[in-house]
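Convert by adding 226 to the 1-based position in the sequence shown; the result is the number in our numbering. Notes for the one structure printed next.
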Amino acid sequence: MLGTYLEGLRARLGARGFEAVIRAADATCVLLAGGHPAVLAGPDGEADGFGSDLQREYLALLAVLITGRSDHHVVRLPGVDGLPGWAVVEAHVADDGVALDALCRQITVRARAGVRSALALESLWDANPGY
């Protein structure tokens, strides 16, 4: 199944796009396998060579690698900062506006909690420069 998926990916993206997506997915898998967090997105912007189409294909490839299935959907969601982001969802969620809204709220809550934690740690470190 993976071989067929990768052949289709190469045909959709061409050699350059395919290589960018494979390299990004490989780096992410190495991080995840090592127990490290990974930001599941490539660099923004078409000028950087990793625009929204490649980001979507990257997430779709990660979903295939992680789940062993290709029946997922990549949907565009508004990000916490107002910029669009992507989410990988099952088919029944992709067309369910209520479920997608709930997913957006969950992502926003987690992102804000992460920011608050980072700011609290930064304040602690600033208050205790000897650490």
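Don't be surprised by glycine CBs; every beta carbon is placed ideally from N, CA and C. These numbers were taken from a predicted model, which means no experiment stands behind them.
Check                                                                                                                                                                                       : Outcome
When we look at the beta-carbon of Val247 and count the other beta-carbons within 10 Å, is it buried (16 or more) or exposed?                                                               : buried
Kindly list the residues whose CB is nearer than 8 angstroms to the CB of Ala267, restricted to its own chain and excluding five residues on each side of it in sequence; keep chain order. : Confidence is the limiting factor: at Ala267 the pLDDT is only 48, short of 50, which leaves the residue's position unreliable, though a coordinate-based value still follows. So the list reads Gln281, Tyr284, Leu285, Gly311 and Trp312, once near-sequence residues are dropped.
Should Thr254 go down as buried or exposed, given a rule of 16 or more other Cβ atoms within 10 Å for buried?                                                                               : buried
Is the distance from the Cβ of Asp297 to the Cβ of Ala317 below 8 angstroms?                                                                                                                : yes
Using the three-state DSSP reduction, which class does His262 fall into: helix, strand or coil?                                                                                             : coil
Report the start-end ranges of each alpha helix (DSSP H) in the region 270-351 that is 4 residues or longer and not cut off at the edges.                                                   : 278-293 and 317-320
Contact defined as beta carbons within less than 8 angstroms: I believe Val314 pairs with Ala289. What is the distance between those atoms, to the nearest angstrom?                        : 4 angstroms
Taking the alpha-carbon positions, what's the Val300 to Trp351 distance?                                                                                                                    : 39 angstroms
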